[in-house]
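If you count the sequence shown from 1, you need to add 93 to reach the working numbering. Cβ atoms here follow ideal geometry from the backbone N, Cα and C, with glycine treated the same way. Single-structure report; data block below.
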Amino acid sequence: VVVGFLVAFYLIFLFPEGKELLLKLGMDTYQLNRISAWLEPFAFSETIAYQQTQSMIAIGSGGLFGKGFNVLELPVPVRESDMIFTVIAENFGFMGSALLLMLYLLLIYRMLVVTFEFNNLFYTYIATGF
């Protein structure tokens, strides 16, 4: 159901009449611009998708092992708060990024194990983040 909705939304968004329909249904222009930047980031790389495209270029330039700690060559805006994964991928490459994602998945796995081990509702809420 969700995939069908996404495909239908994508097909509506591809045609100019579809954008007009979404505007009439109550979407704002800035929302349409964000979706356009998400669907075709390099078409808007100088304007609304600048941060997104610079991030993808920086991640790709990291290569397999990265450029080294604190070697940042590409201008990625607000890298210390918005683009933390970009900085890690540029510095430590694919291997560092994969390690970070594996550690994150391990954390989620451990949280779920703790959730199912305890029969206490309070610990379940704490482990799942509620």
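Helix, strand or coil: which one does DSSP assign to residue i?
i, result
"residue 138", "coil"
"residue 109", "helix"
"residue 148", "helix"
"residue 206", "helix"
"residue 180", "helix"
"residue 153", "helix"
"residue 169", "coil"
When you compare each of the options to residue i by their alpha carbons, which one comes out closest?
i, options, result
"residue 178", "205, 150 and 218", "150"
"residue 148", "212, 200, 209 and 184", "184"
"residue 153", "187, 207 and 193", "187"
"residue 134", "146, 125 and 124", "146"
"residue 182", "137, 112, 164 and 199", "164"
"residue 143", "168, 219 and 206", "168"
| query | Counting pairs of beta carbons, one from the stretch 124-144 and one from the stretch 97-116, are three or more of them closer than 8 Å? | reply | yes
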